[in-house]
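Sequential numbering from 973 applies to the sequence shown in my numbering.
Beneath this line is the structure, given in structure tokens, with notes to follow.
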Amino acid sequence: MSSTRGALKGKRIGVVVSDKRSKTRTVAVDFQTLHPKYGKYIRRTGKFHVHDEHNESGAGDRVEIAPCRPLSKTKSWRMLRVVEKAPAAVEVATEAPVEATGVTAEDEETPQTPE
């Protein structure tokens, strides 16, 4: 038996593409493989269903995953840690500047009657 408990075989780093389910994330992992005929390296993406016990990760986060025993029909990976959080989304301004639209708030409230 190995005395290094932290070194798990098959660890991968990927990006969370879906966090819509409770305690389950979909993680996309990019890898390169050799084309059998042409010998050129091509890029592939694998999607894994990952168990996230404490719902720590969100969409866009870079996470480290490792294989585990099957937890459900499609889920046999678990999340070890969040490597990097996704950048926070920039809030969109609710009021547009007057010079951008040319219409002020008072103009919108008064009904226009055709003459």
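We put the beta carbon where it would ideally sit given N, CA and C, even for glycine.
A quick note: this is a predicted structure, and the numbers were derived from the prediction, not measured.
What number of angstroms, rounded off, separates the C-alpha of T996 from the C-alpha of F1003?
Walking along the sequence shown from the start, residue 996 turns up at place 24. Walking along the sequence shown from the start, residue 1003 turns up at place 31. So the alpha carbons of these two residues sit roughly 22 Å apart.
At what residues does the beta strand (DSSP E) containing Y1013 begin and finish?
As a working mapping, residue 1013 is identified with position 41 in the sequence shown. Element bounds for Y1013: Y1013 to H1023.
What do you reckon, are the CB atoms on A1060 and W1049 nearer than 8 Å?
To locate residue 1060, count along the sequence shown from 1; it is residue 88. To locate residue 1049, count along the sequence shown from 1; it is residue 77. For A1060 and W1049, no; Cβs fall outside 8 Å.
Check the C-beta distance from A1058 over to G1030 and give it rounded, since I have them as a contact under 8 Å.
On the sequence shown, residue 1058 is found 86 positions in, with the first residue counted as 1. On the sequence shown, residue 1030 is found 58 positions in, with the first residue counted as 1. Contact flag correct, Cβ pair sits at about 6 Å.
Report all residues from its chain with a CB closer than 6 Å to the CB of L980; omit the five preceding and five following residues, and keep chain order.
Position 8 of the sequence shown holds residue 980. A1038, listed in sequence order.
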